[in-house]
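Engineer:
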Amino acid sequence: MKITKIFPRGYCYGVVRAIMMAKKVAKNHKDDKRTIYMIGMLVHNIHIVNEIRELGIILIDDRYESRLNLVKKFDPKKSILIFTAHGTPKNVIKYVEDNNFTYYDTVCPEVVKSFDLVEEKIKDGFQVIFLGVKNHPETLAMQEIDNNKVKIITEIDQLLKLDNSLKTAVLNQTTLSSIDLKVFYNKIEETFKNVEMHNDLCKATIDRQRPLFELDPTIELVIVCGDQKSNNSNALMNIVKNQGVESILVNDPDLITYDLIKKKHHIAITAGASTPTYITNKVIKKCNDIFDSINNN
C-alpha cells in the first residue's frame with residue numbers, strides 16, 4: 096500500500112498574507128474598545144476562520160446580504176472592518192472610506208492585478224467577459240467595477256446572449272479549474288469575432304492543478320484536503336475526476352475511514368491553497384494508520 100504526497104499543496108502567498116494581516120490587526124487593536132469584524136470568510140476554510148475568531152474577531156456572514164448593506168449597519172466609531180482575500184466591491188470600499196471607517200483589505204495581489212486589467216480594458220473600449228463561479232466574492236467584486244461593461248459568465252449558454260461583434264476582452268476568476276476554463280475558451284473562440292484572452296489563473300492555482308494531469312496510473316484515489324466552500328479545492332477534486340480517477344474533498348481527518356481506503360493499493364493526497372498544513376498532515380497520518388492496521392492483520 097502506497098501514499099503519494101502531491102506537491103505543491105496547501106497555503107499560497109495570498110492566503111498567508113491575509114492570515115498574517117488579520118492576526119496583526121487583532122494584535123494592534125487588542126486594547127481598542129472598537130469591535131473588529133471580518134466581512135465574510137477571510138479565506139474559504141472554516142479552520143482558518145475559527146482561528147481568526149479565537150482572536151476576538153467577529154465573522155459577519157455575507158452569503159445572504161450584500162457587503163454594502165452589511166457595512167452600512169456598523170458605526171465607524173465603534174467598528175474596525177477586515178475585508179477578505181477574494182476582493183471586495185469598490186462601492187463598499189468607497190463607502191467605508193467616505194464614512195471614515197478604520198478598515199483593512201486583505202485582497203490577494205493576484206486579484207488586484209485582474210481588477211486593474213479589467214479597468215484598463217474598459218477604458219480602451221472593450222466589452223469585458225469575466226468567467227467565474229456564481230456568487231463567489233471575487234466574481235461579485237469584479238461585477239461592481241462596471242455593471243454595464245463587465246459581463247459575468249458562469250455558464251456556457253450565457254455567452255450566446257452577448258453581442259459577439261464588440262471588441263471583447265476575456266478574463267477569469269483566479270481559482271477556476273483549467274479544464275472548465277478551456278471549455279469556455281473554445282466556445283468563445285467559436286463565437287466571438289474580435290476577442291482578447293487573458294488567462295488570469297494565479298500561479299498557485301496552476302501549480303496545484305498541473306500535477307493532477309500527470310498522475311501515476313496506479314493511483315486509485317486522490318484525497319483533496321480543503322473546505323467545501325473553497326473553489327480552488329473543488330477545482331482540484333473535479334480535475335482528478337475528469338481523469339477518471341476517484342477523488343474526495345475532505346476538511347476533517349475523521350472523514351477518512353477504514354472502509355474508504357481499505358481496498359486501495361495506491362492513494363494520493365493534495366490540498367487546496369487555503370488548507371492549513373496541520374489538517375493535511377492529520378489526513379496523511381490517518382491514512383498511514385489505517386494502512387498500518389491493514390498490514391498488521
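First residue of the sequence shown? That's 96 in the numbering used here, and the numbers climb one at a time after it. Backbone N, C-alpha and C fix where the C-beta goes; we use that ideal spot for every residue, glycine too.
(1) With DSSP as the reference, label residue 222 as helix, strand or coil.
(2) Provide the residue span of the alpha helix (DSSP H) that contains residue 142, from first to last.
(3) Would the beta-carbon of residue 206 fall within 9 Å of that of residue 109?
(4) Between which two residues does the alpha helix (DSSP H) harbouring residue 188 extend?
(5) With the cut-off set at 9 Å, would you say residue 155 and residue 163 are in Cβ contact?
(6) Can you list, in chain order, the residues of its chain whose CB lies under 8 Å from that of residue 351, leaving out five sequence neighbours each side?
(7) Pick from 266, 187 and 258: whose alpha carbon is nearest that of residue 209?
(8) Output the distance between the C-alpha atoms of residue 298 and residue 112, rounded to the nearest integer angstrom.
(9) Exposed or buried, what is residue 233 when buried is set at 16 or more other beta-carbons lying within 10 Å of its beta-carbon?
(10) Quick one: what's got a C-beta closer than 6 Å to residue 335's C-beta in the same chain, skipping five residues either side?
(11) Measure the CB-CB distance between residue 291 and residue 221 and report whether it falls below 9 Å.
(12) Give the single residue among 193, 178 and 310 whose Cα lies nearest to the Cα of residue 200.
(13) Tell me the rounded alpha-carbon separation between residue 197 and residue 309.
(14) Considering Cα atoms alone, identify which of 218, 326, 126 and 357 is closest to residue 244.
(15) Less than 9 Å between the C-beta atoms of residue 261 and residue 242, yes or no?
(16) Whole angstroms is fine: what's the gap from residue 321's alpha carbon to residue 370's?
(17) Express the C-alpha separation of residue 387 and residue 182 in angstroms, rounding to a whole number.
(18) Here's the rule I'm using: 16 or more other beta-carbon atoms within 10 Å means buried, otherwise exposed. How should residue 139 be labelled?
(19) Over the uninterrupted beta strand (DSSP E) stretch that includes residue 291, give me the two end residues.
(20) Could you have a look at residue 237 and say whether DSSP puts it in helix, strand or coil?
(21) By a C-beta neighbour count over all protein chains shown, 10 Å radius and 16 as the cutoff for buried, is residue 358 buried or exposed?
(22) Which residues mark the beginning and the end of the beta strand (DSSP E) in which residue 174 is found?
Structural biologist: Quick answer:
(1) On the sequence shown, position 127 is the one that residue 222 refers to. Strand.
(2) The sequence position of residue 142 within the sequence shown is 47, counting from 1. It spans 141-148 - the alpha helix (DSSP H) in which residue 142 sits, taken as one unbroken run.
(3) Counting from one through the sequence shown, the residue named residue 206 turns up at place 111. Counting from one through the sequence shown, the residue named residue 109 turns up at place 14. Yes, these two residues count as a Cβ contact at 9 Å.
(4) On the sequence shown, residue 188 is found 93 positions in, with the first residue counted as 1. Taken as a continuous stretch (DSSP letters only), the alpha helix (DSSP H) holding residue 188 covers 185-193.
(5) Counting from one through the sequence shown, the residue named residue 155 turns up at place 60. Counting from one through the sequence shown, the residue named residue 163 turns up at place 68. Not in contact: residue 155 and residue 163 (Cβ atoms no closer than 9 Å).
(6) Here residue 351 refers to the residue found at position 256 of the sequence shown. Excluding sequence neighbours, residue 351 sits near 318, 345, 378, 381, 382 and 385.
(7) As a working note, residue 209 is residue 114 in the sequence shown. The candidate whose alpha carbon is nearest that of residue 209 is 266.
(8) Mapped onto the sequence shown, residue 298 falls at position 203. Mapped onto the sequence shown, residue 112 falls at position 17. If I take the Cα positions, the gap works out to 15 Å.
(9) In the sequence shown, residue 233 corresponds to position 138, counting from 1. It counts as buried.
(10) What you label residue 335 is simply residue 240 of the sequence shown in a count that begins at 1. Counting only Cβ-Cβ distances below 6 Å, and skipping sequence neighbours, we find 307, 317 and 342.
(11) Here residue 291 is taken as the residue at index 196 of the sequence shown, counted from 1. Here residue 221 is taken as the residue at index 126 of the sequence shown, counted from 1. A contact, by the Cβ cut-off of 9 Å.
(12) In the sequence shown, residue 200 corresponds to position 105, counting from 1. It is 178 whose Cα lies nearest to the Cα of residue 200.
(13) Locating residue 197 in the sequence shown gives position 102, where the first residue counts as 1. Locating residue 309 in the sequence shown gives position 214, where the first residue counts as 1. Rounded to the nearest angstrom, the two C-alpha atoms are 47 Å apart.
(14) In the sequence shown, counting from the first residue as 1, residue 244 sits at position 149. Minimum Cα distance to residue 244 is reached at 218.
(15) Working through the sequence shown from its first residue, we reach residue 261 at position 166. Working through the sequence shown from its first residue, we reach residue 242 at position 147. No, Cβ-Cβ distance for residue 261 and residue 242 is not below 9 Å.
(16) Residue numbering aside, residue 321 sits at position 226 when the sequence shown is read from its first letter. Residue numbering aside, residue 370 sits at position 275 when the sequence shown is read from its first letter. The alpha-carbon atoms of residue 321 and residue 370 are separated by roughly 5 Å.
(17) Here residue 182 refers to the residue found at position 87 of the sequence shown. Here residue 387 refers to the residue found at position 292 of the sequence shown. Using only the alpha carbons, I get a separation of about 44 Å.
(18) Taking the sequence shown and counting its residues from 1, one reaches residue 139 at position 44. Result: buried.
(19) In the sequence shown, the residue the question calls residue 291 occupies position 196. Residues 290-292.
(20) Taking the sequence shown and counting its residues from 1, one reaches residue 237 at position 142. Residue 237 falls in the helix class under three-state DSSP.
(21) One-based indexing of the sequence shown puts residue 358 at position 263. Residue 358 comes out exposed.
(22) On the sequence shown, residue 174 is found 79 positions in, with the first residue counted as 1. Looking at the DSSP string, the run of the beta strand (DSSP E) that includes residue 174 is 174-178.
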